[in-house]
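Colleague: Residue numbers (the working numbering): 6 to 284. This structure is in structure tokens; I'll ask about it shortly.
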């Protein structure tokens, strides 16, 4: 090994140390979550890092049946799925003219959308609650979906606009010569090419909506309409908490998002790589 290669290897050591420390910081909570799913509450208190005395699925069974976890899961799947679909659809429709047409007002409109990323929506919770009440959307899944779509649109438009700007205009011109209208250009030409952007928007929207506790708390009053975070809270009592069931419910709630990430992982990696070359 030459001295130049040796110096290069030594120069990489600090970066590897930081990566290993970060990996350990991420892996430790996951390890505690996994082993705690199979422990009793007493075992968790006695040794939070140790392995369970018996590997059983009793905590998962109790978590599923104790609070009708399936109902909460279906509510979250419905709300999250609708929010993802509408966010991708509306963001693509808004980003397409802003990024592909030569419009004088495109930049101010895009800046207006991007301002939504910087504004904390929770500061307007009272006004939003009043608006939802006047529209008759309180205590409904549809109202919750509308709120999530409105919150996620600025970020989604930002992602789509940057990806669409990098595409050559010859793609649209060729499609129009073949007789395609604007809708067909967008959905049959542009969107298939920017699949990484679709994957990024979908996974970030899904994670944000799936894990949200705040808006279902203030907009949903019917227990039958509440989402997965409320199922986990149901196991936390005033005098006693079954921590094994809490960890099992957390693992169950993480499973759909992890599955979605695994399915979209390749598209997300491509999107991150392509994002570095966007101008």
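Note that the Cβ used here is the ideal one computed from N, Cα and C, for glycine as well.
Please report the Cβ distance between residue 199 and residue 96, rounded to the nearest whole angstrom; I am assuming they are in contact, meaning their Cβ atoms lie under 8 Å.
Modeller: Along the chain shown, read from residue 1 onward, the residue named residue 199 stands at position 194. Along the chain shown, read from residue 1 onward, the residue named residue 96 stands at position 91. In fact, because the Cβ distance is near 11 Å, the residues do not count as touching under 8 Å.
Colleague: Nearest-angstrom Cα distance between residue 283 and residue 172?
Modeller: Along the chain shown, read from residue 1 onward, the residue named residue 283 stands at position 278. Along the chain shown, read from residue 1 onward, the residue named residue 172 stands at position 167. Note that residue 283 scores a pLDDT of 45, beneath 50, so its modelled location is shaky; the value from the coordinates is reported in the next line. So the two alpha carbons sit approximately 10 Å from each other.
Colleague: Among all the DSSP beta bridges, which residues are the ones paired with residue 241?
Modeller: Position 236 of the chain shown, counted from the first residue, corresponds to residue 241. Residue pairing by DSSP puts residue 241 in a beta bridge opposite 246.
Colleague: Is it the case that the region 72-86 contacts the region 189-196, given that we only count it when at least three CB pairs across the two stretches are under 8 Å?
Modeller: no
Colleague: Could you say which of 19, 77, 184 and 63 lies nearest to residue 215 if we only look at CA atoms?
Modeller: Numbered from its first residue, the chain shown carries residue 215 at position 210. When each option's Cα is compared against that of residue 215, the closest is 77.
Colleague: Please classify residue 153 as buried or exposed, where buried requires at least 16 neighbouring CB atoms within 10 angstroms.
Modeller: Numbered from 1 along the chain shown, position 148 holds the residue referred to as residue 153. Residue 153 is buried by the Cβ-count criterion.
Colleague: Runs of 4 residues minimum, wholly inside the region 96-158: which ones carry the alpha helix (DSSP H) assignment?
Modeller: Runs found: 111-123 and 130-139.
Colleague: So with Cβ pairs under 8 Å, would you call residue 269 a contact of chain B?
Modeller: As a matter of chain content, chain B is missing from the structure shown, which is built from one protein chain.
Colleague: What three-state label does DSSP hand residue 55 in the structure shown?
Modeller: Sequence index remark: in the chain shown, residue 55 carries index 50 (1-based). Reduced to three states, the DSSP call for residue 55 is coil.
Colleague: Residue 41 and residue 252: beta carbons closer than 8 Å?
Modeller: Along the chain shown, one-based indexing puts residue 41 at 36. Along the chain shown, one-based indexing puts residue 252 at 247. For the 8 Å CB-CB criterion, residue 41 and residue 252 form a contact.
Colleague: Within a Cβ cutoff of 6 Å, which residues of the same chain sit near residue 87, ignoring the five residues on either side of it in sequence?
Modeller: Within the chain shown, residue 87 is the residue found at index 82, counting from 1. The residues are 150.
Colleague: Would you report the Cα separation of residue 281 and residue 178, rounded to the nearest angstrom?
Modeller: Counted from its first residue, the chain shown places residue 281 at position 276. Counted from its first residue, the chain shown places residue 178 at position 173. Interpretation of residue 281 is limited by its pLDDT of 45, a score under 50 that renders its predicted location unreliable; no figure is taken from the coordinates.
Colleague: What does a CB cutoff of less than 7 Å around residue 241 pick up in its chain, not counting 5 residues either side in sequence?
Modeller: Residue mapping note: residue 241 aligns to position 236 of the chain shown, counting from 1. Answer for residue 241: 251, listed in chain order.
Colleague: Is the distance from the Cβ of residue 231 to the Cβ of residue 223 below 8 Å?
Modeller: Position 226 of the chain shown, counted from the first residue, corresponds to residue 231. Position 218 of the chain shown, counted from the first residue, corresponds to residue 223. Taking 8 Å as the Cβ cut-off, residue 231 and residue 223 do not qualify as a contacting pair.
Colleague: How long is the line joining the alpha carbons of residue 137 and residue 85, rounded to whole angstroms?
Modeller: Within the chain shown, residue 137 is the residue found at index 132, counting from 1. Within the chain shown, residue 85 is the residue found at index 80, counting from 1. Between the alpha carbons of residue 137 and residue 85 lies a distance of about 19 Å.
Colleague: Give the straight-line distance between the Cα atoms of residue 46 and residue 112, rounded to the nearest whole angstrom.
Modeller: For the purposes of this step, residue 46 is taken as residue 41 along the chain shown, with counting starting at 1. For the purposes of this step, residue 112 is taken as residue 107 along the chain shown, with counting starting at 1. So the two alpha carbons sit approximately 56 Å from each other.
Colleague: From residue 338 to residue 266, what does the alpha carbon distance come to, in whole angstroms?
Modeller: This structure gives no information on residue 338, because the portion of the chain shown stretches from 6 to 284.
Colleague: Pick from 254, 249, 268 and 264: whose alpha carbon is nearest that of residue 51?
Modeller: Counting from 1 along the chain shown, the entry for residue 51 is found at position 46. Residue 51 has its Cα closest to that of 249, out of 254, 249, 268 and 264.
Colleague: Taking 8 Å as the cut-off, does the region 98-108 touch the region 161-172 (at least 3 CB pairs, one atom from each stretch)?
Modeller: yes
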